[in-house]
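Colleague: Residues in the sequence shown are numbered from 14 upward in steps of one, following the numbering used here.
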Amino acid sequence: MKNALLPLLAILLLAGCQKEAAAPEAAASGQAAEFRAGKGKIDVCHYSEDDDSWHLIRISVNAWPAHAAHGDVRLDDQDHDGFVPYNECGLGNMGDCDDGEASINPDAEEACDDGIDNNCDGLTDGEDTDACPPPLEIGDNHAGGIIIYLADPPIDLNGDGTPDQGLVAATEDQATEAPWGCSGQLINGADDRAVGAGAQNTADILAECGEGGIAAELAAGYRGGGYSDWFLPSADELNLMMENLAGSFDYRTDYWNSTEIDDNYAYMQNTYLYLFEDYLVGLKSNSKRVRAVRAF
Ligand SMILES: [Ca+2]
Ligand SMILES: [Ca+2]
Ligand SMILES: [Ca+2]
Ligand SMILES: [Ca+2]
Numbered sequence: 014m015k016n017a018l019l020p021l022l023a024i025l026l027l028a029g030c031q032k033e034a035a036a037p038e039a040a041a042s043g044q045a046a047e048f049r050a051g052k053g054k055i056d057v058c059h060y061s062e063d064d065d066s067w068h069l070i071r072i073s074v075n076a077w078p079a080h081a082a083h084g085d086v087r088l089d090d091q092d093h094d095g096f097v098p099y100n101e102c103g104l105g106n107m108g109d110c111d112d113g114e115a116s117i118n119p120d121a122e123e124a125c126d127d128g129i130d131n132n133c134d135g136l137t138d139g140e141d142t143d144a145c146p147p148p149l150e151i152g153d154n155h156a157g158g159i160i161i162y163l164a165d166p167p168i169d170l171n172g173d174g175t176p177d178q179g180l181v182a183a184t185e186d187q188a189t190e191a192p193w194g195c196s197g198q199l200i201n202g203a204d205d206r207a208v209g210a211g212a213q214n215t216a217d218i219l220a221e222c223g224e225g226g227i228a229a230e231l232a233a234g235y236r237g238g239g240y241s242d243w244f245l246p247s248a249d250e251l252n253l254m255m256e257n258l259a260g261s262f263d264y265r266t267d268y269w270n271s272t273e274i275d276d277n278y279a280y281m282q283n284t285y286l287y288l289f290e291d292y293l294v295g296l297k298s299n300s301k302r303v304r305a306v307r308a309f
């Protein structure tokens, strides 16, 4: 380290600014760039033990290590990012928590996985929850409902052509007693049980079934969270709701889904029998509960 310091010292001496010898800590603490720049003098916020006060002084740059050792603050913005470290002299645009790294300053964005407090707010990575919110989890309140499914990677779950992160269930029922509707009538479409099919099933039902007050209509008409894109879940989407939100449902209460079986039957589910049966069957004319979902 000392060998590396010698050429730098030579430059300083040639500049004729200072005669003091730089302490070895100068190179170790990253001051080499300043020596090379040959600036000679720097302003520092200096603590005086004599009167226990801080004030601005100008020193030779190679005297800096000694000043740094007793807590003085450099005011020359060593990394040229527009900020100086916090100082008791009230000078400069303060707040630079690393004056040797230009990418770290109060205007920087917090990067969430580098172990560095990039924006100098005292919060590193996940501690900075505004910039680095915790990953979403099943059961979180989010996007107007409660998360019942997370897609990794995101996929289109409502047929609007853009990828979605997952599905949320509404936080309340839209009906306690509603028919599936159009008993005796086979709906074109509306027969897909898959995750991602509920929105299309619901649209198919509403396009062909003119009855009012049916499960699909009540789900699609829900406006929870200010959202207008709720739908009646498909059979597998309802199963996800039963699986993940079981504790929040009435025991053995049947819910409709949007997957039709034939003229007279559609699928349904409840939290109790879900443990034993992938799919339950209900007469379309029967009354059951309705709980909408939406993609986010
Ligand atoms: Ca700076
Ligand atoms: Ca900086
Ligand atoms: Ca931060
Ligand atoms: Ca960070």
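Ideal Cβ placement from N, Cα and C applies to all residues, glycine included.
May I have all residues whose beta carbon comes closer than 5 Å to any heavy atom of ligand 1, sorted in chain order?
Modeller: 90, 92, 94, 96, 109 and 112
Colleague: Mind the definition here: the stretch 204-222 touches the stretch 162-181 only if three or more C-beta pairs lie below 8 Å; say whether that holds.
Modeller: Output reads yes: the stretch 162-181 touches the stretch 204-222.
Colleague: When DSSP labels each residue in this structure, what does residue 238 get in the three-state scheme?
Modeller: For the purposes of this step, residue 238 is taken as the residue at position 225 of the sequence shown. DSSP places residue 238 in helix when its eight states are reduced to three.
Colleague: May I ask you to report which of helix, strand or coil DSSP gives residue 292?
Modeller: Along the sequence shown, read from residue 1 onward, the residue named residue 292 stands at position 279. Reduced to three states, the DSSP call for residue 292 is coil.
Colleague: Going by the CB atoms, is the gap between residue 245 and residue 271 shorter than 8 Å?
Modeller: Taking the first residue of the sequence shown as 1, we reach residue 271 at position 258. Taking the first residue of the sequence shown as 1, we reach residue 245 at position 232. Yes, the Cβ-Cβ distance between residue 271 and residue 245 is below 8 Å.
Colleague: Along the chain, where does the beta strand (DSSP E) containing residue 281 start, and where does it finish?
Modeller: Position 268 of the sequence shown, counted from the start, is the residue given in the question as residue 281. Per DSSP, residue 281 belongs to the beta strand (DSSP E) from 278-282.
Colleague: To test your reading of the DSSP string, which unbroken alpha helix (DSSP H) runs of 4 or more residues are found completely within the stretch 45-119?
Modeller: 45-50 and 77-82
Colleague: Pull up the distance between the alpha-carbon of residue 396 and that of residue 256, whole angstroms please.
Modeller: The requested residue 396 is not part of the displayed model; the chain covers only 14 to 309.
Colleague: Does DSSP classify residue 160 as helix, strand or coil?
Modeller: The residue given as residue 160 occupies position 147 in the sequence shown. DSSP places residue 160 in strand when its eight states are reduced to three.
Colleague: Given residue 163, which residues of its chain have a CB within under 7 Å of its CB, disregarding the five upstream and five downstream residues?
Modeller: Counted from its first residue, the sequence shown places residue 163 at position 150. Residues 149, 151, 178 and 179 of the same chain have their beta carbon placed closer than 7 Å to that of residue 163, with the five preceding and five following residues left out of the count.
Colleague: Using a threshold of 7 Å, is the CB atom of residue 175 nearer than that to any non-hydrogen atom of ligand 4?
Modeller: Reading the sequence shown from its first residue, position 162 is the one you call residue 175. No; taking the cut-off as 7 Å, the Cβ of residue 175 has no heavy atom of ligand 4 nearer than that.
Colleague: From the DSSP secondary-structure annotation, give me the bridge partner or partners of residue 301.
Modeller: The count along the sequence shown starts at 1 and reaches residue 301 at position 288. According to DSSP, residue 301 bridges with 191.
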